[in-house]
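Under full-length UniProt numbering, the first residue of the sequence shown is numbered 1, with each subsequent residue one higher. The beta carbon of each residue, even a glycine, is placed where N, CA and C say it ideally should be. Nothing here was measured: the structure is a model prediction, and the numbers come from that model. Some notes on the structure that comes next.
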Amino acid sequence: LSNNTLIDLLATSRSTPGELIMCQEKLVQEAVDTLLDNGIRGQPMRDGHNKVYKSFSNVIEGKEGRFRETLLGKRVDYSGRSVIVVGPSLSLHQCGLPREIAIELFQTFVIRNLIRQNCASNIGIAKSKIREKELIVWEILQEVAQGHPILLNRAPTLHRLGIQAFQPILVEGRAICLHPLVCKGFNADFDGDQMAVHLPLSLEAQAEARLLMFSHMNLLSPAIWDPISVPTQDMLIGLYVLTIGNRRGICANKYNPSNCKNYPNQRVYNNNYKYTKEPYFYNSY
């Protein structure tokens, strides 16, 4: 509209004041700036419903922009994503996989087994049984998932241990359960981190996951060969509490009052803190 008004004014420029043409040119320039980058002149322009206009730069930039959302972000089949929570009852090579995610990942395998076991005559009937969540579906899903490894990945994947293989254990809920000792390799914690699940399909991929990528086979850092599965935080506190009364442990607890004895190389300072020149050890045998 501003552009058409400016064209009409320029067509009758002999009888139009110059100040009016300059004001109209300024309005056209502001409209172009708003189209390219709304807010470059300060407050962004809004419509009649007080909603900010979306410019070309807003469509391109940001996490939900065209580049990062559509061009760089690729969606793949046989994958899922969920929040991770701690699974203290799991083994090091196991992870808790929610049933809702598992039935989507292994749906083709479940359909094939339903047809093989004559529980369904075609794919449509098998899918209807899955939608109705019949008991036979969960039994077949348990059998299929038990011998099929899955891959867990946490972005950003900065080194080799950023993606590891696990044996899935079906759990209730919607969160992925993870053993706390494998968190260091992923650089993950349980404050809302999300992890992606991928399903290896070919026999070669499954063999590689079993032989090279299982978490219990990657206990050392590939960079400096230090242990990557080290107990920290509440695990250390739990070990301390469990062994606080064990006087035959690997190392006697000198902070336990029951272990305070008169040792020959022991000195007592004025602040009543007992000092031992050399740590004393007990053999567990």
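If D47 sits next to I40, beta carbons under 8 Å apart, how far is it from one beta carbon to the other, in whole angstroms? The Cβ separation is near 18 Å, so there is no contact.
What is the residue span of the alpha helix (DSSP H) that S57 lies within? F56 to I60
Measuring straight from C-alpha to C-alpha, what distance separates L242 and E104? 41 Å
Distance check for T108 and I115, CA to CA, integer angstroms please. Cα-Cα distance, rounded: 11 Å.
Consult DSSP for R116 and reduce its assignment to one of helix, strand or coil. helix
Tell me, to the nearest whole angstrom, how far the beta carbon of L239 is from that of L181; I am working on the premise that it is less than 8 Å. In this structure, L239 and L181 do not form a Cβ contact; the two beta carbons are roughly 12 Å apart against a cut-off of 8 Å.
CA-to-CA distance, H216 to L161, given in whole angstroms: Straight through space, the alpha carbons of H216 and L161 are spaced by roughly 11 Å.
Among D189, W225 and I140, which has the Cα closest to the Cα of D234? Across the set D189, W225 and I140, the C-alpha of D189 shows the shortest separation from the C-alpha of D234.
Inter-residue CB distance, I84 and I176 (contact presumed, cutoff 8 Å): 5 Å
Helix, strand or coil for E19, going by three-state DSSP, please let me know. Note: E19 maps to helix in three-state DSSP.
Do F106 and L141 come within 9 Å of each other at the CB atom, strictly closer than that value? yes
Work out the CA separation of I244 and K133 for me, nearest whole Å. 49 Å
Could you give the C-beta distance for Y78 and L199, rounded to a whole number, given that I count them as a contact under 8 Å? 4 Å
Candidates S128, A207 and V110: closest to E139 by CA position: V110
How about L170 and A102: are their beta carbons less than 9 Å apart? yes
K129 classed as buried or exposed, judged by whether at least 16 other C-beta atoms fall within 10 angstroms: buried
Run through DSSP, which three-state label would S89 get? Coil at S89, not helix or strand.
Reference P149, options I136, R210 and A223, closest by Cα: R210
Would you list the residues sitting across from A165 in a DSSP beta bridge? L151 and F214
Measure the beta-carbon distance from N153 to M213 and round it to whole angstroms, keeping in mind my assumption that it falls under 8 Å. About 11 Å separates the two Cβ atoms, so there is no contact after all.
Sort out for me which residues DSSP pairs C177 with in a bridge. Its beta-bridge partners are V85 and G96.
With burial defined as no fewer than 16 other Cβ atoms inside 10 Å of the residue's Cβ, what is the status of Q146: buried or exposed? exposed
If distances are taken between C-alpha atoms only, which option among C119, H159 and G80 comes closest to R174? G80
Since I believe C95 is in contact with P168 (beta carbons under 8 Å), could you give me their beta-carbon distance rounded to a whole number of angstroms? In this structure P168 is in contact with C95, their Cβ atoms being roughly 6 Å apart against a cut-off of 8 Å.
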